[in-house]
Amino acid sequence: MTVLVTGGAGYIGAHVVRLLLERGESVVVVDNLSTGRAERVAGAQMVGLDLAAPQAQDRLEGLIQENSVDSVIHLAALKQVGESVADPLLYYRTNVGSTTALLAAMERTGVRRLVFSSSAAAYGVPEVTIVDESTPCRPINPYGETKLIGEWMTAACAKAWGLRAVNLRYFNVAGAASADLADPAALNLVPIAIGQILAGRSPVVFGSDYDTPDGTCIRDYVHISDLADAHLAALDSTAGSGPLESVLNVGTGAGASVLEVLEMLRRVSGRTVDAEIADRRPGDPPQLIADVARIQHALGWQAKRNLEDIVTSAWEAELANRSK
Ligand code: WQD
C-alpha cells in the first residue's frame, strides 16, 4: 500500500516524506514544484501535477489506482499571508480548488484516510492566549480562511461518505532535519533573522509595546521534525474504524517572545545580534500558544525538541547551504 503526499517536495512535505520512507512506506509525491524541489524527495515517486488544474482529479484517480494508494497527506497549498490578502482569489482557487480535486478523487477511488495540513491561522486573533481546539475560528486573512474551509470540507466528507480525516493546525514551524530539507525562501521570523545576521544587518522586531513580559509577541515554535512525526502519528490514527480526533493543534505548549528567539540566535551563532525595534505589524496577536493536551491524548505525540534545537538546526542548515 502507498501513501500519497501532495506538496511532498516542499519544506514540510519533504520532512514528512523522509520519515515515511525511513519507516519503509511506499510514497508517491504530487507537487507542482512551484516552491517544491524534486531533489528533496529522491526515493519517492515524484509526479509533477498542479492539483488546481482542470484535469487534476482524473490524473489523481489514475495515480491512486496505479499505485494502490490507501492514504493521503495533503500539504499542497500556497502559504503566504500577505500574498493572500493581495490576491485572495489565487488562494481560493489554489488551496480550495486543490482540496476539492483531491477529495473528489479520494471519494471516487474509495480512499478514506487523510491528514490535512491546517494552520493556527484558522484561529485568527483569539481572545485566549493558550489556544485549544474548541477556541472559535475567526481567520483574519484569506490564507487562514482557505485552511478553515479545507477543514470544513473534510468534516463534510466525513459525514457524507466516511472520510477519516485528521486536520493538523500547525503553530510556528521552523528548523530543519538536514540542510537539504531546509526552506531557503521562508518568510518567517527565524529564517528572516538568520538572513539579516548573515547579511550583517540587525533583525527587525515588529513591536516592543505588547502586553507581554518583554513587550514583544509570543509564539509557539515547533521543530519541523516534531511536526513531521505528528503527521505519521495522525496518519496511523486514521487506520481502522475506531474513534478519531479530527482537529489537533501541533505545537509545544510553550511560548517564546521575539526577543527570546533573537537571544537564542545570538547564543547559537556566536554573532552579534542587535535587534532593531520597529512598529507593530498589523494583525499580529500578542500571544499565541497551543494547548497540546488533545494531541498528546489522541496520538501520544508530544514535541521532543526545544527552541534551542530549532534555532540551532535552522542556523546550521543555512550555513551549510551557503557554503555549497
Ligand atoms: C512570528 C513573530 C512577528 C519577522 C505566520 C502565519 C501563520 C503561520 C505561521 C502558516 C511575530 C515577529 C517576524 C520579523 C518580527 N503560517 N517578527 N520580525 O505571523 O506568527 O505566523 O507563520 O501556516 O499563519 O501568520 O509568524 O514568523 O511571521 O512571526 O518581529 O522580521 O515574529 O511580528 O510576532 P506568524 P512569523
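For the sequence shown, counting from 1, position 136 maps to 136 in this note's numbering; every step adds exactly one.
For each residue, glycine too, the CB sits at the ideal point set by N, CA and C.
In this text the structure is predicted, and so the values were computed from the model without any measurement.
Which residue or residues does DSSP assign as beta-bridge partners of Thr-6? For Thr-6, which the question treats as bridged, DSSP gives the partners Val-30, His-74.
When every heavy atom of the ligand WQD is checked, does at least one fall within less than 7 angstroms of the C-beta of Val-311? The answer is no for Val-311.
For the beta strand (DSSP E) that contains Glu-276, what are its first and last residues? Looking at the DSSP string, the run of the beta strand (DSSP E) that includes Glu-276 is 276-278.
Cβ contact (3+ pairs, closer than 8 angstroms) linking the stretch 313-321 and the stretch 179-195: They touch, by the three-pair rule.
Consult DSSP for Ile-289 and reduce its assignment to one of helix, strand or coil. Reduced to three states, the DSSP call for Ile-289 is strand.
Less than 8 angstroms between the beta carbons of Arg-112 and Asp-226, yes or no? At least 8 angstroms separates the beta-carbon of Arg-112 from that of Asp-226.
When the distance is taken between beta carbons, is Val-205 closer than 8 angstroms to Ala-275? It is a contact, given that the beta carbons lie within the stated cut-off.
On the three-state DSSP scale, how would you describe Gly-97? Helix at Gly-97.
Are the beta-carbon atoms of Ile-73 and Val-125 separated by less than 8 angstroms? No, Cβ-Cβ distance for Ile-73 and Val-125 is not below 8 angstroms.
In or out: Ser-323 buried (at least 16 other Cβ within 10 Å) or exposed? Around the CB of Ser-323, fewer than 16 other CB atoms lie within 10 Å, so the residue is classed as exposed.
Is the stretch 136-149 touching the stretch 69-87 in the sense that three or more CB pairs, one from each, lie closer than 8 angstroms? Two segments are said to touch when three or more pairs of C-beta atoms, one from each, lie closer than 8 angstroms; by this definition the stretch 69-87 touches the stretch 136-149.
So which of Asp-183, Gln-296, Pro-286 has the shortest CA-CA distance to Asp-132? For the residues Asp-183, Gln-296, Pro-286, the minimum Cα distance to Asp-132 belongs to Gln-296.
Cβ-Cβ distance between Leu-265 and Ile-197 below 8 angstroms: Going by C-beta atoms, Leu-265 is nearer than 8 angstroms to Ile-197.
With C-beta atoms as the reference, is Ala-77 less than 8 angstroms away from Ser-117? A contact, by the Cβ cut-off of 8 angstroms.
Around the C-beta of Asn-167, are 16 or more other C-beta atoms found within 10 angstroms, so that it is buried, or is it exposed? By the 10 Å Cβ count, Asn-167 comes out buried.
What do you get for Gly-13, buried or exposed, if any count of 16 or more other CB atoms within 10 angstroms of its CB means buried? Burial of Gly-13 is indicated by the presence of at least 16 other C-beta atoms within 10 angstroms of its C-beta.
Cβ separation of Ala-122 and Leu-60, assumed to be a contact under 8 angstroms, to the nearest whole Å: Between Leu-60 and Ala-122 the Cβ distance is about 25 angstroms, and since that is not below 8 angstroms, they are no contact.
Could you give the distance in angstroms between the alpha-carbon of Gly-187 and the alpha-carbon of Lys-79? Sequence inspection shows Leu at residue 187; the Gly mentioned does not correspond to that position. Rounded to the nearest whole angstrom, the C-alpha separation of Leu-187 and Lys-79 is 10 angstroms.
Between which two residues does the alpha helix (DSSP H) holding Asn-249 run? If you look at Asn-249, you'll find it isn't in any alpha helix (DSSP H); it sits in the beta strand (DSSP E) that goes 247-250.
Say whether the stretch 86-97 touches the stretch 38-47, bearing in mind that this needs 3 or more beta-carbon pairs closer than 8 angstroms, one atom from each stretch. No contact exists between the stretch 86-97 and the stretch 38-47.
Taking the Cβ atom as the reference point for each residue, do Pro-286 and Ile-192 lie within a distance shorter than 8 angstroms? No, the pair does not count as a contact, with Cβ atoms beyond the cut-off.
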